[in-house]
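Student: There's a structure below that I have some questions on.
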Amino acid sequence: MNRNLFYSYSAYLKKRYGVPAFRVGVDAGFSCPNRDGGRQSPGCSYCDAFGARAMYQRTREAFEDAPLTDLFADIAVQTEKATAFLKKRYRAEIFLLYFQAFSGTYAPVERLKEIYDYSLSLNDYRELIVSTRPDCVDEDVADLLASYRDKGLDVWVELGLQSAHDKTLERINRGHSVVDFEKAFRLLRSRGIKIAVHLIFGLPGESEEDIFASCDYTASIHPEGVKFHNLHIPVNSPLYREFQKGEVDAPDTAMHLEYTIGAIERMPPETMIMRLTCDSSSSQLAAPIGFMKKTEFYDLVRTELSARKTFQGRLFKTDLL
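So for the sequence shown, the numbering used here puts the first residue at 921; every next one is plus one.
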């Protein structure tokens, strides 16, 4: 099988480190501006109370306002269990610290620094990766993140755009605009921080044309990475009420395959394709039902790209730059 159909994250890690390297996902108790009443408050319409917490973190209690001593103890347990698992299961040798849950820059800079510093002290991490929102990035946050790059770490920010259409962002109660995203992107890029953009395919009201326009927009700014997510509708999300009324649905495997192939074709060759689908607990998921497993979908995408004689960058529109 042709391994050059798209630039995968696994290929990047293998080339950069030469030995098994894995992310250690940490839930540090962050919330987000859409949930100022706490994690149980309504956020984006597709988001449940777990936010973007990893599947293995979803049995834990939240630590939104915990004293740092309690939070640090919890983080230590998380990282110890995660690294032990990764060593045993995948023979991991290199670890990358990943603040995945909710908005990893949504706290006073002083608290962020204490959390980042303590978490980094628990292992010989090679990268600091923070997932966040455009409206949670300002000059002070960008300077703090850049300070870790100056210490020799690769620093990544995973920045949630989801859609390049303001009408969609308003429809899903995202709470920021495309202009907000552009400001955050430029700020981080000016500090030499690597950026991975998140996009969701199948958002309410969006056509295939809308989805590919978001892909073209993302490609035009040349992020270091991009993550594609198929829309999930959790049973305890605001979007679930619309699903129950038959007003919205989530793309099935076949539809998401078309979106994913079209998106890959539109990305510049140097942008890493870091993810193709998202994960949710089947017991908490209203739609889609029966979606192909992540590894199987990954193989299907490669098979289809090869069969269609297409590849990453084939439809990249340089004229948008």
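The beta-carbon is built from N, C-alpha and C at its ideal position, and this holds for glycine as well. All values reported here derive from a predicted model rather than from experimental measurement.
Tell me which residue opens and which closes the beta strand (DSSP E) that Met1192 is part of.
Tutor: 1192 to 1195 is the extent of the beta strand (DSSP E) around Met1192.
Student: Relative to the alpha-carbon of Val946, which residue among Ala1174, Ser1110, Tyr1045, Glu1167 has its alpha-carbon at the smallest distance?
Tutor: The option with the nearest alpha carbon to Val946 is Tyr1045.
Student: Whole angstroms are fine: how far does the CA of Asn1043 sit from the CA of Ala1133?
Tutor: About 41 Å.
Student: Could you name the residues that DSSP lists as bridge partners for Leu1235?
Tutor: For Leu1235, which the question treats as bridged, DSSP gives no partner whatsoever.
Student: Tell whether a beta-carbon distance below 8 Å holds between Ala1066 and Arg1106.
Tutor: No, these two residues do not count as a Cβ contact at 8 Å.
Student: Quick test of your reading: Pro870 and Phe1121, contact by CB under 8 Å. State the CB separation rounded to the nearest angstrom.
Tutor: With the chain covering 921 to 1241 only, the question about residue 870 has no answer from this structure.
Student: Which residues in the same chain have their Cβ closer than 7 Å to the Cβ of Lys1033, if we skip the five residues on either side of it in sequence?
Tutor: Once the five neighbours on either side are set aside, the close Cβ partners of Lys1033 are Leu1064.
Student: Quick check: the Cα distance between His1085 and Asp1130, rounded to an integer number of angstroms?
Tutor: Those two C-alpha atoms are separated by around 8 Å.
Student: Do you know offhand how far Asp968's Cα is from Phe1019's?
Tutor: Answer to the nearest angstrom: the Cα atoms are 18 Å apart.
Student: How do the region 936 to 953 and the region 1076 to 1091 stand: do at least 3 beta-carbon pairs fall below 8 Å, yes or no?
Tutor: Touching, no, given that fewer than three Cβ pairs across the two stretches are closer than 8 Å.
Student: Examine the Cβ distances between the region 1159 to 1169 and the region 1200 to 1212 and report whether three or more of them are shorter than 8 Å.
Tutor: Touching, per the Cβ criterion.
Student: Classify Tyr1036 as buried or exposed, calling it buried when 16 or more other Cβ atoms lie within 10 Å of its own Cβ.
Tutor: With 16 or more Cβ atoms within 10 Å of its Cβ, Tyr1036 is classed as buried.
Student: At the level of alpha carbons, what is the spacing between Pro1189 and Val1061?
Tutor: Pro1189 and Val1061: Cα-Cα distance of roughly 30 Å.
Student: Along the alpha helix (DSSP H) that carries Glu1059, what are the first and last residues, could you check?
Tutor: Counting along the chain, the alpha helix (DSSP H) containing Glu1059 begins and ends at 1059 to 1069.
Student: Roughly how many angstroms lie between the CA atoms of Gly971 and Leu1235, to the nearest whole one?
Tutor: Low local confidence applies: a pLDDT of 49 at Gly971 is under 50, so the model's placement there is unreliable, with the coordinate-based value given in what follows. One C-alpha to the other measures close to 33 Å.
Student: Once DSSP output is grouped into helix, strand and coil, what is the label at Ala1242?
Tutor: With the chain covering only 921 through 1241, there is no way to say anything about residue 1242.
Student: Report the residue from Asp1058, Glu1090, Arg1031, Tyr1068 whose alpha carbon sits nearest the alpha carbon of Ile1049.
Tutor: Selected option, being the one with the closest Cα: Tyr1068.
Student: Tell me the residue span of the beta strand (DSSP E) that contains Gly1182.
Tutor: No beta strand (DSSP E) contains Gly1182, which is instead part of the alpha helix (DSSP H) from 1173 to 1186.
Student: Do you know whose CA, among Leu1089, Tyr1026, Phe926, Arg1195, lies nearest Ala948's CA?
Tutor: Ranking the options by Cα distance to Ala948, first place goes to Tyr1026.
Student: Quick check on the DSSP output: what are the complete alpha helix (DSSP H) runs of length 4 or more inside the region 1191 to 1229, in order along the chain?
Tutor: Counting only runs of 4 or more, we get 1214 to 1227.
Student: Keeping to the same chain, check which residues put their C-beta closer than 6 Å to that of Val1075; ignore five residues upstream and five downstream.
Tutor: Excluding positions up to five away in sequence, the list reads Leu1048, Leu1065, Tyr1068, Arg1069, Ile1113.
Student: For Thr1223, does the count of other Cβ atoms within 10 angstroms reach 16, so buried, or fall short, so exposed?
Tutor: It is exposed - the Cβ of Thr1223 has fewer than 16 other Cβ atoms within 10 Å.
Student: Please say whether Gly1024 and Ser1051 have beta carbons closer to each other than 8 Å?
Tutor: Their beta carbons are under 8 Å apart, which means Ser1051 touches Gly1024 by this criterion.
Student: Answer yes or no: do Glu1185 and Thr1215 have a C-beta to C-beta separation smaller than 8 Å?
Tutor: Contact flag unset, no.
Student: At the level of alpha carbons, what is the spacing between Ser1202 and Phe1211?
Tutor: Rounded to the nearest angstrom, the two C-alpha atoms are 10 Å apart.
Student: Look at the Cβ atom of Phe950, then the Cβ atom of Ala1021, and state whether they are nearer than 8 Å.
Tutor: Yes. Within cutoff.
Student: In the DSSP assignment, what residue or residues form a beta bridge with Arg943?
Tutor: Note: Arg943 sits in a beta bridge opposite Leu1016.
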